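Numbering (my numbering), first residue to last: -2 to 626. Every residue, glycine too, gets a C-beta built ideally from N, C-alpha and C. Being a predicted model, the structure only gives us computed values, none of them experimental.
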């Protein structure tokens, strides 16, 4: 069992000094799943060691969402690959606390419960947030940030791919040719009729995936459980004129659908990019060596060619790993620009201020940071909810036994099954400023502005997802996201050392358009909750943030005070034409101004896709890997 969960994770009842029912529930699930908290898996022959010096065809920095793909595919093609990861390899093949979908909320919110799976970054003081500093979760483990979050899978809008192709000057980024990479990354498991919950119909197209389970390492399926709240929310959306979204993986996101999830159906456990490494281990793919608990401190160059990396080993020794062909940086949207800058690639002013010799003066490194914000409304309802069951020992014990024995029940789902995207209706747009209307007019007709997702519990101030009022009442929420953000932030460095955290300022809600979208989304969610279709289950007035929050100013103030990041940072080493002064990589992900160096992760995206970007990042890595072999 995990040792002292209340102490290790800070899981106290916010209203008392006692360990919370959430901690008690996690202790129980840890015992039943034989989860002792140490998920350090055995990589066997794939485990990297240190000789002097190590030499490989390719060196991949970061075994996250993109890096694990790159390492696997290059090794599969016969190249020797060093895949270097600062965190652990965690064996999540079978259910653990960290891979149980119903406990995904432990990894989100301003107060995390699992700080050993992430870097522990915080933003700078944010000017539009009453100078708050927010926790900024980024995965520190094999699988990276795909080991965090809610596992939702969908492909990007067609217009996003059109814009990507335009900015990169490369038609292969349009949706039709890019679909090959989407399909290559995942294996889809259609739901069986007997597993379908009553009154639920999943809409999917088998042609969106490779046939006969011949896709990639990521497992995509539908959960074997759908919350009653998700079913009722679908009724409300239908009654308000939302359409069904039947082509979410064909570039048309608008409308509602039951979300596909990156869940392994055999055990109803999280499927992450770590599955690429697990698959390599199962196949004895010895061309791949994975160096865990190893931090890259600097890129090595001979003149303008990248030749390898300098690393700090698990024992704290300083060593080199040499790349005979190329170095691929896949350290994520925050660490990748930091590594480029400490290695001499970035703004000349920033580099010289930190005593760093300039290798390639690229002012776009660390700029163009885009992310999305989330906030929610909560109401008391007359339904059983997953979050409420955690607070009831007898109910939770039954839920846990069901999950263990049959991989079904509330723990087999992330509790966020109903997902809807939309462009806000005209009645909301009428209140937008001319600036907001102009900026939104640049978005194509299929580009969503807002997302709404069912949340089977109390969202509240988004501090800790699995806590809710300890008063015996059951709550449900709608979580809203500004998926078309116009606020732009930056990443920079505080020194020439990777041991110090990057300086991160997302500048959330600095754009007037984002502020007005957020207020409109809040009002839209409130309208959904008031739909007549929900009257049979709605037990009273809004519990969060309460109905007296009425004016635009009050709504914006509560959003500023309580929202949290969606955890989708991107764009900090943006792709562009070689003549673009802000571009960092070209359409082949090669860093401009040097040789033998690529960036393949969310930082290379020129724009942030609307919605959940995990599928797009996986496919991007598949695309670049295929072009290299």
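Supposed close pair residue 513, residue 430 - CB separation, criterion 8 Å: 7 Å
Residue environment, residue 15, which counts as buried when at least 16 other CB atoms sit within 10 Å: Confidence in residue 15 is poor, its pLDDT being 44 and thus under 50, which makes the residue's placement unreliable; the coordinate value appears in the next sentence. So residue 15 ends up on the exposed side.
CB of residue 233 within 8 Å of CB of residue 531, strictly: yes
Residues near residue 603 in its chain [Cβ-Cβ closer than 7 Å; skip 5 each side]: 161, 164, 165, 568, 571, 572, 573
Counting Cβ pairs, one atom from each stretch, are 3 or more of them under 8 Å apart for the segment 240 to 255 and the segment 182 to 202? yes
Any chance the segment 354 to 371 sits against the segment 573 to 583, with 3 or more Cβ pairs inside 8 Å? yes
Tell me whether residue 541 sits in a helix, a strand or coil according to DSSP, three-state version. strand
Determine the direct distance from the alpha carbon of residue 153 to that of residue 562, and round the result to whole angstroms. 19 Å
Please confirm whether residue 188 and residue 98 have their CB atoms less than 8 Å apart. no
Per-residue burial, residue 402 [other beta carbons within 10 Å of its own, 16 or more giving buried]: exposed
Residue nearest to residue 468 in terms of C-alpha spacing, selected from 455, 474, 479: 455
Selection from 392, 611, 408 that minimises the alpha carbon distance to residue 599: 611
Let me check understanding here. Comparing Cα to Cα, which of 361, 224, 40 lies closest to residue 396? 224
Which ranges does the alpha helix (DSSP H) cover as unbroken runs of at least 4 residues, wholly within the segment 129 to 214, from first to last along the chain? 155 to 165, 172 to 182
Can you name, in chain order, every residue of its own chain whose Cβ lies under 7 Å from the Cβ of residue -2, other than the five neighbours on each side? For residue -2, the predicted model reports a pLDDT of 24, less than 50, meaning its position is unreliable; a value from the coordinates is still stated below. So the list reads 24, 27, 28, 33, once near-sequence residues are dropped.
Residue 536, DSSP secondary structure in three states: coil
Pop quiz: residue 607 and residue 444 are said to be a contact at Cβ under 8 Å. What is the actual Cβ separation, rounded to whole angstroms? 6 Å
What are the residues that DSSP puts in a beta bridge with residue 561? 371
Local conformation of residue 381 per DSSP, three classes: coil
Distance, Cα to Cα, residue 615 vs residue 287? 19 Å
Go to residue 57, then tell me how far its beta strand (DSSP E) extends in each direction, as first and last residue. 51 to 58
Does residue 349 come out as helix, strand or coil in the three-state DSSP assignment? helix
Secondary structure at residue 527, three-state DSSP: helix, strand or coil? coil
For the beta strand (DSSP E) containing residue 435, list its first residue and its last residue. Not the beta strand (DSSP E): residue 435 falls in the alpha helix (DSSP H), residues 431 to 438.
Round the Cβ separation of residue 632 and residue 79 to the nearest angstrom and send it over; I've been treating them as touching at under 8 Å. The requested residue 632 is not part of the displayed model; the chain covers only -2 to 626.
Can you have a look at residue 361 and say buried or exposed, based on whether 16 or more other CB atoms are within 10 angstroms of its CB? buried
Quick one, are the C-beta atoms of residue 256 and residue 149 less than 8 Å apart? yes
Label residue 306 either buried or exposed according to how many other C-beta atoms from any shown protein chain fall within 10 Å of its C-beta, with 16 as the threshold for buried. buried
Shortest alpha-carbon distance to residue 319 belongs to which of 471, 57, 406? 57
On the DSSP bridge assignment, give the partners of residue 305 in chain order. 297, 319
Using a Cβ-Cβ cut-off of 6 Å (strictly less than) and excluding sequence neighbours within five positions of residue 442, which residues of its own chain qualify? none
When DSSP labels each residue in this structure, what does residue 358 get in the three-state scheme? strand
Backbone CA spacing between residue 313 and residue 543 [nearest angstrom]: 52 Å
Compute the Euclidean distance between the alpha carbons of residue 493 and residue 295, then round it to the nearest angstrom. 9 Å
Nearest-angstrom Cα separation, counted from residue 323 out to residue 77: 11 Å
With residue 400 and residue 265 assumed to form a contact (beta carbons below 8 Å), what rounded beta-carbon distance in angstroms separates them? 7 Å
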